[in-house]
Amino acid sequence: MIKLSNITKVFQQGHRTIQALNNVSLHVPAGQIYGVIGASGAGKSTLIRCVNLLERPTEGSVQVGDQELTALSEAALDQSTSSDWHDFPAL
45 MIKLSNITKV
55 FQQGHRTIQA
65 LNNVSLHVPA
75 GQIYGVIGAS
85 GAGKSTLIRC
95 VNLLERPTEG
105 SVQVGDQELT
115 ALSEAALDQS
125 TSSDWHDFPA
135 L
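Take 45 as the starting number for the sequence shown in the working numbering and just add one per residue.
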């Protein structure tokens, strides 16, 4: 199960503030597969990066299973998660 609650992500670019996500909530039950679609610049990649905490949300919480990831310190997150990066050839 993946649960996002009130996720907001704000980036600073110089003097500009960019709000990539604004109060997004989502619940994906265990065993379900969802897709994220939208226009370029809509925040799809930012949303996914917030799920696995490659980007920490500015506000809100991310829960995977029974663990609230946003409550973990960086050290605890490193110990409890892993990533497997693959290089895929261009089509």
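Quick reminder that beta carbons are idealized off the backbone N, C-alpha and C, glycines included.
8 Å Cβ cutoff met for residue i and residue j
{"i": "LEU48", "j": "VAL68", "result": "yes"}
{"i": "GLU99", "j": "THR52", "result": "no"}
{"i": "LEU121", "j": "LEU97", "result": "yes"}
Span separating the alpha-carbon of residue i from that of residue j
{"i": "LEU116", "j": "VAL95", "result": "13 Å"}
{"i": "PRO133", "j": "SER89", "result": "20 Å"}
{"i": "LEU91", "j": "LEU65", "result": "7 Å"}
{"i": "ALA119", "j": "PHE55", "result": "23 Å"}
{"i": "VAL106", "j": "THR114", "result": "6 Å"}
{"i": "ASP110", "j": "MET45", "result": "8 Å"}
{"i": "PRO101", "j": "ASN50", "result": "10 Å"}
{"i": "ILE77", "j": "ARG93", "result": "17 Å"}
{"i": "ALA74", "j": "GLN63", "result": "29 Å"}
{"i": "THR61", "j": "VAL72", "result": "30 Å"}
{"i": "ALA86", "j": "GLN123", "result": "32 Å"}
Reduced DSSP secondary structure (H/G/I, E/B, other) of residue i
{"i": "VAL72", "result": "strand"}
{"i": "ILE51", "result": "strand"}
{"i": "LEU65", "result": "strand"}
{"i": "ILE77", "result": "coil"}
{"i": "GLU118", "result": "helix"}
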